[in-house]
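Residue numbers (the numbering used here), protein chains in the order written: chain A, 415 to 665; chain B, 415 to 665.
The next block holds one structure in the form of structure tokens; read it before the comments.
2 protein chains.
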Amino acid sequence: MHNIPKKIASELNPNVSVDCVIFGFDMEQLTVLVIDRGEISAVNGPRLALPGNLIYDNENLDQAASRVLDELTGLKDIYLEQVGAFGDPFRIHKESDREWLKSIRAQPDARVITVAYFSLVKISDYLPHASSFAKNAGWAPVNEISELAFDHFEILQAAKDKLKQKIKIQPIGFNLLPEKFTLSQLHRLYESILDKPLDKRNFRRKIQKLNILSNLKEKQRGVPHKPSSLYQFNEEKYQELTQMGFDNFGF
Amino acid sequence: MHNIPKKIASELNPNVSVDCVIFGFDMEQLTVLVIDRGEISAVNGPRLALPGNLIYDNENLDQAASRVLDELTGLKDIYLEQVGAFGDPFRIHKESDREWLKSIRAQPDARVITVAYFSLVKISDYLPHASSFAKNAGWAPVNEISELAFDHFEILQAAKDKLKQKIKIQPIGFNLLPEKFTLSQLHRLYESILDKPLDKRNFRRKIQKLNILSNLKEKQRGVPHKPSSLYQFNEEKYQELTQMGFDNFGF
DNA sequence: GAGTCTTTGTGTCATTTTTACACTATTCAA
DNA sequence: TTGAATAGTGTAAAAATGACACAAAGACTC
Numbered sequence: 415m416h417n418i419p420k421k422i423a424s425e426l427n428p429n430v431s432v433d434c435v436i437f438g439f440d441m442e443q444l445t446v447l448v449i450d451r452g453e454i455s456a457v458n459g460p461r462l463a464l465p466g467n468l469i470y471d472n473e474n475l476d477q478a479a480s481r482v483l484d485e486l487t488g489l490k491d492i493y494l495e496q497v498g499a500f501g502d503p504f505r506i507h508k509e510s511d512r513e514w515l516k517s518i519r520a521q522p523d524a525r526v527i528t529v530a531y532f533s534l535v536k537i538s539d540y541l542p543h544a545s546s547f548a549k550n551a552g553w554a555p556v557n558e559i560s561e562l563a564f565d566h567f568e569i570l571q572a573a574k575d576k577l578k579q580k581i582k583i584q585p586i587g588f589n590l591l592p593e594k595f596t597l598s599q600l601h602r603l604y605e606s607i608l609d610k611p612l613d614k615r616n617f618r619r620k621i622q623k624l625n626i627l628s629n630l631k632e633k634q635r636g637v638p639h640k641p642s643s644l645y646q647f648n649e650e651k652y653q654e655l656t657q658m659g660f661d662n663f664g665f
Numbered sequence: 415m416h417n418i419p420k421k422i423a424s425e426l427n428p429n430v431s432v433d434c435v436i437f438g439f440d441m442e443q444l445t446v447l448v449i450d451r452g453e454i455s456a457v458n459g460p461r462l463a464l465p466g467n468l469i470y471d472n473e474n475l476d477q478a479a480s481r482v483l484d485e486l487t488g489l490k491d492i493y494l495e496q497v498g499a500f501g502d503p504f505r506i507h508k509e510s511d512r513e514w515l516k517s518i519r520a521q522p523d524a525r526v527i528t529v530a531y532f533s534l535v536k537i538s539d540y541l542p543h544a545s546s547f548a549k550n551a552g553w554a555p556v557n558e559i560s561e562l563a564f565d566h567f568e569i570l571q572a573a574k575d576k577l578k579q580k581i582k583i584q585p586i587g588f589n590l591l592p593e594k595f596t597l598s599q600l601h602r603l604y605e606s607i608l609d610k611p612l613d614k615r616n617f618r619r620k621i622q623k624l625n626i627l628s629n630l631k632e633k634q635r636g637v638p639h640k641p642s643s644l645y646q647f648n649e650e651k652y653q654e655l656t657q658m659g660f661d662n663f664g665f
């Protein structure tokens, strides 16, 4: 019945889980990968939840988060950052989760501490419907999510705050864009993360002054308007900046 | 032998602990409350460690951190903020800790995830030698700590970073100062947290412009030099600021 | 009580950064 | 050819920052 090898199963830590807030950007708005738990769960709260799992005793927290991300999307070497630990006492598992919990030998009523991570992926690297992985996962615009199962909504909120804060200090936004992107796309990305409008000219001036973009001598093709120049993030120039003690993008 | 009531003991979660980085300020530099584990532990690594403890299953993480702080210092209602979760797989407990761990029914070789917090206290509120609590705790200047037991040095580093970052966004430094303080003391506090010199006049100008200090019509007494005006943090004025979306002290 | 010690408290100017704001250029599609 | 859509660009006023030096106040000593 349980075809999980006993050795593996016994290494699962029933008290600590990892949840991932996986951000994407659809060139319009910030999105998050959420899992539809299905109608069976619906009676016990919102259907949508963040991907997550219990950790194994032989991996550290970062590894567990990578694993969860990999298991869901097949992606490796993705930008990941811890948001923090969450957990109220005696979180009672929903009836519908008990079967699953039992199947992995976790105690249905045990206390679970969850360590939340956020990660940034290029949305084109994971197209749920094309994927052979979980078919019940999908991108949802962050701003359209008003509830999630368990304490996941709170976690999402914390992850958004952390991302907002972090992007003021490090240019991690590039992880959400394709290799080649336009300034307008970068502009819209910053607006959706910071959740406020930014003046177009001032944004471009500020970004260009930092000198961390390479202007590829290449233009967009096939757009029904004036095509934009394409740019690329220049890691080396950014390294130079940080070695000078730079840590403020001033947004 | 074990005079811990079984009921209480059985509520301890052997897998999750809380460690506290308790900051103080001695008017010269930033300090941290560290515990001397004594010579018995010394053979197994640094004597000094951060205060911490396993959590109970009937408290949440914030409550556990408050409790640890209270148990050590007797202080309640203290500024506390989570730093993050730490924990490598199978952290093997030191021989010298095993007895203690057994006494609280924890498994000596179990994996422990620790959730770190930092807190800010007025140093005069806890004078270790006068205290009836742990006599082996004491304030140590942050910059003079070069090693700590377990992964506590890493945690201290993370806490310092978080504090540095946070003070650029919120005026939490007041928690480290007495009710009435001078601008010079505030100045030195910011310098020690940010770990860089700040121009005196520019600092004063910036702080005063924020308009979150009340100038008490009172002066220092008994100092062997020109006495300074005393100031007080004005919470209401700060609330007005934040409600206008202010979140950048520009340091 | 004169002199010394120590820290407080203050202003200006040059430079940089920020903000607000509008029109022309380029491509695709009809 | 025209219309629709977005790209790309400059300036001027206001605000913030950084660099910098000296007189004033009280405590202490002789």
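Idealized CB from N, CA, C, for every residue including glycine.
- Counting the other Cβ atoms within 10 Å of the Cβ of B:Tyr493 gives fewer than 16, which makes it exposed.
- Rounded to whole angstroms, the gap between the alpha carbons of A:Ser606 and A:Leu590 is 12 Å.
- Annotation for B:Glu425: Tyr470, Asp471, Asn472 place their beta carbon closer than 7 Å to its own, counting only its chain and skipping 5 residues before and after.
- In this structure, the alpha-carbon of B:Leu612 lies about 8 Å from that of B:Tyr604.
- A:Ser431 is classed as buried because its beta carbon has at least 16 other beta carbons within 10 Å across all chains shown.
- Against chain A, a Cβ distance below 9 Å from B:Val529 picks out Gly498, Ala499, Gly501, Ile527, Val529.
- Here B:Val529 is buried: its Cβ has 16 or more other Cβ atoms, across all protein chains shown, within 10 Å.
- Comparing C-alpha distances from A:Ile569 to each of A:Phe500, A:Tyr652, A:Phe437 shows the shortest one belongs to A:Phe500.
- Contact between the region 617-630 of chain A and the region 580-599 of chain A is established, with three or more Cβ pairs separated by less than 8 Å.
- Pairing B:Tyr540 with A:Asp539, the inter-Cα distance amounts to about 54 Å.
- Interface with chain B (8 Å Cβ-Cβ cutoff): A:Val430 is included.
- The beta carbons of B:Ile626 and B:Pro585 sit closer together than 8 Å.
- Rounded to whole angstroms, A:Tyr645 and A:Ser628 show a C-alpha spacing of 5 Å.
- For A:Val526, there is no enclosing beta strand (DSSP E), since its DSSP letter is neither H nor E.
- Take A:His601, set aside five residues on each side of it, and the residues of its chain with a beta-carbon closer than 7 Å to its own are Leu612, Lys614, Phe617, in chain order.
- DSSP, reduced to helix, strand and coil, places A:Asp565 outside both helices and strands of the structure shown, so it counts as coil.
- One thing to note: A:Asn557 has its Cβ no nearer than 8 Å to the Cβ of A:Gln477.
- Setting aside the 5 residues that flank it on each side, B:Asp440 is surrounded in the same chain by Ile537, each with a C-beta closer than 6 Å to its C-beta; the list follows chain order.
- Note on geometry: alpha-carbon atoms of B:Ser643 and B:Asp491 lie some 28 Å from one another.
- Residues of the region 471-494 of chain A whose Cβ lies closer than 7 Å to any Cβ of chain B, in chain order: Asp471, Asn472, Glu473, Asn474, Leu475.
- Looking at the DSSP output, B:Glu495 shares a beta bridge with B:Phe532.
- The beta carbon of B:Asn625 sits no closer than 8 Å to any beta carbon of chain A.
- In the three-state DSSP reduction, A:Glu442 falls in the coil class, being neither helix nor strand.
- Between B:Val482 and B:Gly466, the gap from beta carbon to beta carbon is short of 8 Å.
- For A:Ser598, the enclosing alpha helix (DSSP H) has its first and last residue at 597-608.
- Judged by DSSP secondary structure, A:Tyr540 falls outside any beta strand (DSSP E); it is assigned neither H nor E.
- For the region 629-661 of chain A, the full-length alpha helix (DSSP H) segments reaching 4 residues or more read 649-657 along the chain.
- Under the 10 Å beta carbon count, A:Val435 is surrounded by 16 or more other beta carbons and is classified as buried.
- Taking a Cβ-Cβ threshold of 7 Å, the residues of chain A close to B:Asn427 are Asn429, Arg525, in chain order.
- Taken through DSSP and simplified to helix, strand or coil, B:Asp471 comes out as coil.
- Comparing C-alpha distances from A:Trp553 to each of A:Asp502, A:Glu632, A:Ala463, A:Asn648 shows the shortest one belongs to A:Ala463.
- Counting of Cβ neighbours within 10 angstroms places B:Thr487 among the buried residues, the total reaching 16 or more.
- Contact between B:Pro555 and B:Thr656 is ruled out by a C-beta separation of about 32 Å, above the 8 Å threshold.
- With 16 or more other Cβ atoms from the protein chains shown falling within 10 Å of its own Cβ, A:Val535 counts as buried.
- Within its own chain, the residues whose Cβ lies closer than 6 Å to the Cβ of B:Asp565, once the five positions on either side in sequence are excluded, are Phe500, listed in chain order.
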